[in-house]
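S.K.:
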Amino acid sequence: MIIYRFLTAFGRYLLLMGRTFSRPERMRMFLKKYVTEMQQLGVDSIGIVLLISFFIGAVICIQMKLNIQSPWMPRWVSGYTTREIMLLEFSSSIMCLILAGKVGSNIASELGTMRVTQQIDALEIMGVNSAEYLILPKIAAMVSMMPVLVIFSSAMGIVGAYATAYIGHVLPPDDLTLGLTHDFVPWFLWMSILKSLVFAFIIASVSSFCGYTVEGGSVEVGKASTNAVVSSSVLILFSDVFLTQLLS
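Count along the sequence shown from 1, add 20, and you get the number used in our numbering.
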């Protein structure tokens, strides 16, 4: 039964994506909605991304100094491990999990409300491809803004690490700088961005599917928001394993 429900939902998801990725009937309207979605899904998320990244970068630096640093290791090892953790996992994977809760629930509740109030049905009656009109700008905006959020997250994490050095006096700033610049591999930054593109598509498309296919009333809209966050988070974790193995 579980496998049947999964295959049914997956089939409906593929059919919806097939309707979504079609040429916009009115490019000017699509661009207008695209810019609006970039504001709502991306720009409005910058504040929470910067706040979380700052404190996580500071905490990682402190933990590395207290639990890994020893007389047998170079003094720059705390800065080095902080940079690697921020680049390889936190700024892409963990940050996308956090955004799945904020952005995913927003998308699912918006489309779910439009479904139960018959606004989507009204678009269909007028001959509008509602999937392309409503979902495609969200996916395009999310995929466009996620690399920007990842770069901001990595930069703010490093700022948080420097805050522990200058304000908290956890370790000398020179040692932190030496660790952050030691043996830097540019591909790790690109790998983080590539992973975030896949995660952004998962968040936007799965959340849109959960909201677009709501049946019932306001209670089902709440359930769809929860399902969107849970499903997106699980898929991000699964895909993170494969992408890390593939890109490393």
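Backbone N, C-alpha and C fix where the C-beta goes; we use that ideal spot for every residue, glycine too.
Given residue 156, which residues of its chain have a CB within under 6 Å of its CB, disregarding the five upstream and five downstream residues?
M.R.: Residue mapping note: residue 156 aligns to position 136 of the sequence shown, counting from 1. Contacts found: 40.
S.K.: Indicate whether residue 106 and residue 170 have their beta-carbon atoms separated by less than 8 Å.
M.R.: For the purposes of this step, residue 106 is identified with residue 86 of the sequence shown, where counting begins at 1. For the purposes of this step, residue 170 is identified with residue 150 of the sequence shown, where counting begins at 1. Contact flag unset, no.
S.K.: What residue from 187, 251, 235 and 218 has the CA that sits closest to residue 262's CA?
M.R.: Here the question's residue 262 lines up with position 242 in the sequence shown. Nearest C-alpha to residue 262: 218.
S.K.: Taking the alpha-carbon positions, what's the residue 33 to residue 62 distance?
M.R.: Taking the first residue of the sequence shown as position 1, residue 33 is located at position 13. Taking the first residue of the sequence shown as position 1, residue 62 is located at position 42. Taking the straight line from one Cα to the other gives about 24 Å.
S.K.: Would residue 11 and residue 162 be called neighbours here (beta carbons separated by less than 8 Å)?
M.R.: A query on residue 11 cannot be resolved here, the shown segment of the chain reaching from 21 to 268 and no further.
S.K.: According to DSSP, is residue 200 part of a helix, a strand, or is it coil?
M.R.: Walking along the sequence shown from the start, residue 200 turns up at place 180. Helix at residue 200.
S.K.: Whose CA, out of 232, 214 and 248, lies closest to the CA of residue 268?
M.R.: Mapped onto the sequence shown, residue 268 falls at position 248. Nearest C-alpha to residue 268: 214.
S.K.: So, with DSSP's three-state summary, where would you put residue 68?
M.R.: Along the sequence shown, read from residue 1 onward, the residue named residue 68 stands at position 48. It is helical.
S.K.: If we call anything under 8 Å between Cβ atoms a contact, is residue 216 one with residue 167?
M.R.: On the sequence shown, position 196 is the one that residue 216 refers to. On the sequence shown, position 147 is the one that residue 167 refers to. Yes, these two residues count as a Cβ contact at 8 Å.
S.K.: Relative to the alpha-carbon of residue 224, which residue among 244, 120 and 258 has its alpha-carbon at the smallest distance?
M.R.: Counting from 1 along the sequence shown, the entry for residue 224 is found at position 204. Nearest of 244, 120 and 258 to residue 224, Cα basis: 120.
S.K.: How is residue 55 classed by DSSP in three states: helix, strand or coil?
M.R.: Position 35 of the sequence shown holds residue 55. Three-state DSSP puts residue 55 in a helix.
S.K.: Tell me where the alpha helix (DSSP H) around residue 25 begins and ends.
M.R.: To locate residue 25, count along the sequence shown from 1; it is residue 5. Counting along the chain, the alpha helix (DSSP H) containing residue 25 begins and ends at 22 to 40.
S.K.: Only counting the same chain, and skipping five residues up and downstream in sequence, which positions put a Cβ closer than 7 Å to that of residue 152?
M.R.: The residue you call residue 152 lines up with position 132 of the sequence shown. Answer for residue 152: 39, 40, 42 and 44, listed in chain order.
S.K.: So what does DSSP say about residue 83, is it helix, strand or coil?
M.R.: As a first step, residue 83 must be located in the sequence shown, where it is residue number 63. Here residue 83 sits in helix by DSSP.
S.K.: For residue 249, which residues of its own chain have a beta-carbon under 7 Å away from its beta-carbon, when the five flanking residues on both sides are left out?
M.R.: Along the sequence shown, read from residue 1 onward, the residue named residue 249 stands at position 229. Within the same chain, residue 249 has close Cβ partners 120, 121, 124 and 125.
S.K.: Tell me whether residue 226 is buried or exposed, calling it buried when 16 or more other Cβ atoms sit within 10 Å of its Cβ.
M.R.: Residue numbering aside, residue 226 sits at position 206 when the sequence shown is read from its first letter. Per the 10 Å Cβ criterion, buried.
S.K.: Is it true that the region 126 to 145 meets the region 189 to 207, where meeting means three or more beta-carbon pairs spaced less than 8 Å apart?
M.R.: Output reads no: the region 189 to 207 does not touch the region 126 to 145.
S.K.: Expressed to the nearest angstrom, what Euclidean distance is found between the alpha-carbon atoms of residue 36 and residue 229?
M.R.: By 1-based counting over the sequence shown, the position of residue 36 is 16. By 1-based counting over the sequence shown, the position of residue 229 is 209. So the alpha carbons of these two residues sit roughly 7 Å apart.
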